[in-house]
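Protein sequences appear in the order of chains B and Z.
Quick note: the first sequence, position 387, residue 1607 per my numbering, numbers continuous.
Quick note: the second sequence, position 116, residue 1336 per my numbering, numbers continuous.
We put the CB at the ideal spot given by N, CA and C, even for glycine.
Protein chains: 2
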Amino acid sequence: MTQTTPAEICLARWARSIRTSPLQTMLTKCRPAISFALGLPGPELLPAEQLSVAAAAVLASGPGALQYGPPSEELRHQIVEIMRWRGVECKASEVFLTSGAQQGLSILAKLLIGPRGRVVCEKYVYTGFLQAIEPMMPEVHTIETDAWSGPDIDGLEALLTRVADPGFLYINATGHNPLSLTLGGEARIRLVKLSARALTIVEDDPYGLLQYEGDSAALKSASPSSIIYVGSFSKILSPALRVGWLVAPEHLHTALASIKEGSDINTGTFSQRVACRFIASGGLREHVSKLACAYRRRRDFMLDALARTLPSGSRWTTPSAGIFIWVELPEPYDAVELLDRALSEHGVAFLPGVAFCAKDSAHESARRSLRLNFSHCTEDQIEEGMRRIAVILRDW
Amino acid sequence: MTQTTPAEICLARWARSIRTSPLQTMLTKCRPAISFALGLPGPELLPAEQLSVAAAAVLASGPGALQYGPPSEELRHQIVEIMRWRGVECKASEVFLTSGAQQGLSILAKLLIGPRGRVVCEKYVYTGFLQAIEPMMPEVHTIETDAWSGPDIDGLEALLTRVADPGFLYINATGHNPLSLTLGGEARIRLVKLSARALTIVEDDPYGLLQYEGDSAALKSASPSSIIYVGSFSKILSPALRVGWLVAPEHLHTALASIKEGSDINTGTFSQRVACRFIASGGLREHVSKLACAYRRRRDFMLDALARTLPSGSRWTTPSAGIFIWVELPEPYDAVELLDRALSEHGVAFLPGVAFCAKDSAHESARRSLRLNFSHCTEDQIEEGMRRIAVILRDW
């Protein structure tokens, strides 16, 4: 029988230019001694023991936990309470369970953009958002942004007069990834006003419960129906459970359920039940407080180290939420080159700003920018990692 | 502040016609006393106790099970062995882990079809396949098929001369859903020859290990590179774990990983580790044998009941694999009407043939056809359910 060659499998046009994402490279290929690269929880802070108890209870409750079944009603009710912590009043019937926030974005891309539709995001954006929308081959319209002033709302308003019917604006209002900014009141008011007029907003809020100063409510709290909220247990419970949620108007849920069914079956999973049991035990609020406390210490520790380490003319953010610090080095430093040397010579990883540029939109400062994660490493590792980066910068 | 109305969220064009799938309706809305409607494992056959032991061991092994991390290498190696049971020799590097077979289909739709691409399937097809491809708004080309002679390969060859570059042909070669047919040798040889020439084939094989007579190898066994295999633990271990796999040429894995990352993050999940631990304990082969034995008995029990129950002029399949029997009633019976009465008056469910018709392709016989599942109910339930259906048919 004639054997085919692999080349004969013909890929869809958009898929021919797929490259490994910087995040996957860091997760699967690089094994740096010290990593500030990814948005990983601190491993020693994961509640393994309580989740073990929860898993045992779920499996002891009968075969229903292993069978196809509707998404967990109880978990949807628990999320109504979690949304209250974010300042959002919603009903369980508005909560749609997903396999993590990333699936929420992927489903919304299908629901609201569709093939070759339009979408708006900031020039610096979570790379997973771009990966969620790319299979639709959308027109991506970007607005200016930076880590200190946030998204250019004037620019957004101007863009909306030019670009007809964008599917939605994608935004992190609290603990931005990668810029680490939490939006101020004025920007929030203007965004909410825009959403009330013509613009659907998708608010991706994985870090909303990890706040260190103040307590910014979700953007969704001000405008119930035209802002779709994307929530996640990955940063506050466990990434490997793959449980997240959307808060979206009830009339969208038939379509959401059908799209999820087409994506990975819209069934109540084992993980949903384990998360639900853990939350039912009452431990989530306490766990989130413990995380926020630990991460605040790590943030402060890294800020101290940055002040001692970075060359004059550098600037960096002091994030009030989230798990990243955004750093801009002065000329002539280059973050991509810095990463190469940090990885190969010192076993230290971070991600350069250019990794987060939406297509067709490279900022001049991107090559001098770094995203540093502070949740994953211990204080000793932060100290040592920053010391190694300082060595490279000193000898530049 | 002005409140928006829900109507202001504008859906992508394809999404405006989404309706709840018949499978979701059965899973979430109907609670019939006896259901032959869905492809559910028998609940009492799920290995809850062994999975409980596995979950405890996974969680006791440290926080890695709850953290982001690469897909499970060990599980990929275990799947190489499982593929041997299906007659397929492959490498672990060709195994790509998914959140169930459905996600495998959704990823392949993005990879191989793309926005407004082309695809080929049979006129009767698994509805989840259509849901996986719909967000791409593809041109769906169908070939004739029936439960006794299988897909019309002559028609497929003719279609391939008319339709340029279809992304792939979707097929169940073993234990077809919904038609219950297992393809004979000649059809397999012709399909493999076609795949060696110009046609990528996606072989969805969730029932390949549930065979009752004979031992049909996967189509993939005959042609390593141009057939992509879709596998699942949902029918042989637990649907709620959401673990499945693809076997695809290595050069596609960068793109597969990126698409999965965009869909729900390409990370090793808790469920993967639990499945892996269960398999490592050596229990899978024995469990599959136990299932096949139990399902064979249920199949035979249902076949007996059909012979006693159905009106003269009916015909039905004797499936050698899978978990469904396909029934065709004579004129003037109507399966949709039968379902209405069975559900509302007798608490019995099944799915009518029309639920599985690919768009634009209704067979004349579809309205007289039923798909009956025999894996989910006990023998007593099968007896009672068929008795109730017989009552309706007798009084037609």
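* **Proximal residues of chain Z, C-beta to C-beta of L1461 of chain B below 8 angstroms** => The contacting residues are L1286, T1489, F1490.
* To do: On the DSSP bridge assignment, give the partners of D1424 of chain B in chain order.
  => D1424 of chain B is bridged to B:V1450.
* What residue range is occupied by the uninterrupted alpha helix (DSSP H) comprising G1464 of chain Z? -> Here G1464 of chain Z belongs to no alpha helix (DSSP H); instead the beta strand (DSSP E) covers 1464 to 1467.
* Contact under 7 angstroms by Cβ, V1689 of chain B with I1448 of chain B -> Because residue 1689 of chain B is not part of the residues shown, which for chain B are 1221 to 1616, the question remains open.
* Leaving out five residues before and five after A1514 of chain Z in sequence, what residues of the same chain have Cβ atoms less than 7 angstroms from its Cβ? -> Here the set comprises G1262, L1265.
* Asked: Which ranges would you report for the beta strand (DSSP E) in the region 1490 to 1570 of chain B if only whole runs of at least 3 residues count?
  -> 1544 to 1548
* What residue does the alpha helix (DSSP H) around V1340 of chain Z start on, and which one ends it? -> From DSSP, V1340 of chain Z is part of no alpha helix (DSSP H) but of the beta strand (DSSP E) over 1338 to 1342.
* Asked: For P1215 of chain Z, which residues in chain B fall below 8 angstroms Cβ to Cβ?
  -> Because chain Z in this structure spans residues 1221 to 1616, residue 1215 of chain Z falls outside the shown range and cannot be described.
* Asked: Between the beta-carbon of Y1344 of chain Z and the beta-carbon of G1395 of chain Z, is there less than 7 angstroms?
  -> no
* Simplified DSSP assignment, three categories, for T1362 of chain B -> strand
* Within the 7 angstroms Cβ cut-off, does P1381 of chain Z reach chain B? -> Per the sequence presented here, residue 1381 of chain Z reads as Thr, with Pro not at that position. No, no contact with chain B.
* **Terminal residues of the beta strand (DSSP E) in which I1391 of chain Z lies** => Run containing I1391 of chain Z: 1389 to 1391, per the beta strand (DSSP E) assignment.
* L1243 of chain B - DSSP class collapsed to helix/strand/coil -> In the three-state reduction of the DSSP assignment, L1243 of chain B falls in the helix class, which pools H, G and I.
* **Partner residues on chain B for L1332 of chain Z, Cβ-Cβ distance less than 9 angstroms** => I1229, C1230, L1231, A1232, A1235
* Own chain partners of P1371 of chain B with C-beta closer than 6 angstroms, once the 5 adjacent residues on each side are dropped -> E1342, I1363, T1365
* Between the region 1384 to 1395 of chain B and the region 1518 to 1534 of chain B, do three or more beta carbon pairs fall short of 8 angstroms? -> no
* Please look up how many angstroms separate the CB atoms of G1464 of chain B and G1482 of chain B, rounded, as I've assumed it's under 8 angstroms. => Not really, about 18 angstroms apart at Cβ, beyond 8 angstroms.
* Hey, P1291 of chain B and L1271 of chain B: beta-carbon distance below 7 angstroms or not? -> no
* **Residue burial classification, K1311 of chain B (beta-carbon count within 10 angstroms, cutoff 16)** => exposed
* For A1527 of chain B, does the count of other Cβ atoms within 10 angstroms reach 16, so buried, or fall short, so exposed? -> exposed
* Using a Cβ cut-off of 7 angstroms, which residues of the region 1599 to 1611 of chain Z contact any Cβ in chain B, in chain order? -> none
* **Within chain Z, partners of R1336 of chain B - CB distance below 7 angstroms** => P1335
* Under the assumption that S1438 of chain B contacts R1304 of chain B (Cβ atoms under 8 angstroms), give the Cβ distance between them as a whole number of angstroms. => A small fix is needed here, since residue 1438 of chain B is Ala in this sequence, not Ser. In fact, because the Cβ distance is near 11 angstroms, the residues do not count as touching under 8 angstroms.
* Mind listing the chain B neighbours of L1260 of chain Z? Cutoff is C-beta to C-beta under 7 angstroms, in chain order. => Q1287, Y1288
* Examine chain B for any beta-carbon lying closer than 7 angstroms to the beta-carbon of A1475 of chain Z, and answer yes or no. => Against chain B, the CB of A1475 of chain Z has a partner CB under 7 angstroms away; the residue lies at that interface.
* Should A1460 of chain B be labelled buried (16 or more other beta-carbon atoms within 10 Å of its own) or exposed? -> buried
* Asked: The alpha helix (DSSP H) spanning R1614 of chain B covers which residue range?
  -> Here the alpha helix (DSSP H) through R1614 of chain B covers 1599 to 1614.
* Asked: Which of helix, strand or coil does DSSP assign to I1254 of chain B?
  -> strand
* Enumerate in chain order the residues of its own chain whose CB-to-CB distance from D1615 of chain Z is below 6 angstroms, with the five nearest sequence positions on each side excluded. => Taking C-beta separations shorter than 6 angstroms and ignoring five residues to either side along the sequence, D1615 of chain Z has no partners in its chain.
* **Bounding residues of the beta strand (DSSP E) (the contiguous stretch that carries S1589 of chain Z)** => 1589 to 1593
* Asked: Does any CB atom of chain C fall closer than 7 angstroms to the CB of D1484 of chain B?
  -> Any reference to chain C falls outside this structure, whose protein chains are B and Z.
* Can you round the beta-carbon distance between A1525 of chain Z and M1606 of chain Z to whole angstroms, since I take them to be within the 8 angstroms contact cut? -> 4 angstroms
* Asked: Is the distance from the Cβ of G1573 of chain Z to the Cβ of S1595 of chain Z below 7 angstroms?
  -> no
* Asked: Can you tell which of Z:A1586, Z:K1579, Z:I1609 has its C-alpha closest to the C-alpha of P1358 of chain Z?
  -> Z:K1579
* Asked: Using 7 angstroms as the limit for Cβ to Cβ distance, is L1328 of chain Z near chain B?
  -> no
* According to DSSP, which residues form a beta bridge with L1317 of chain B? -> B:W1465
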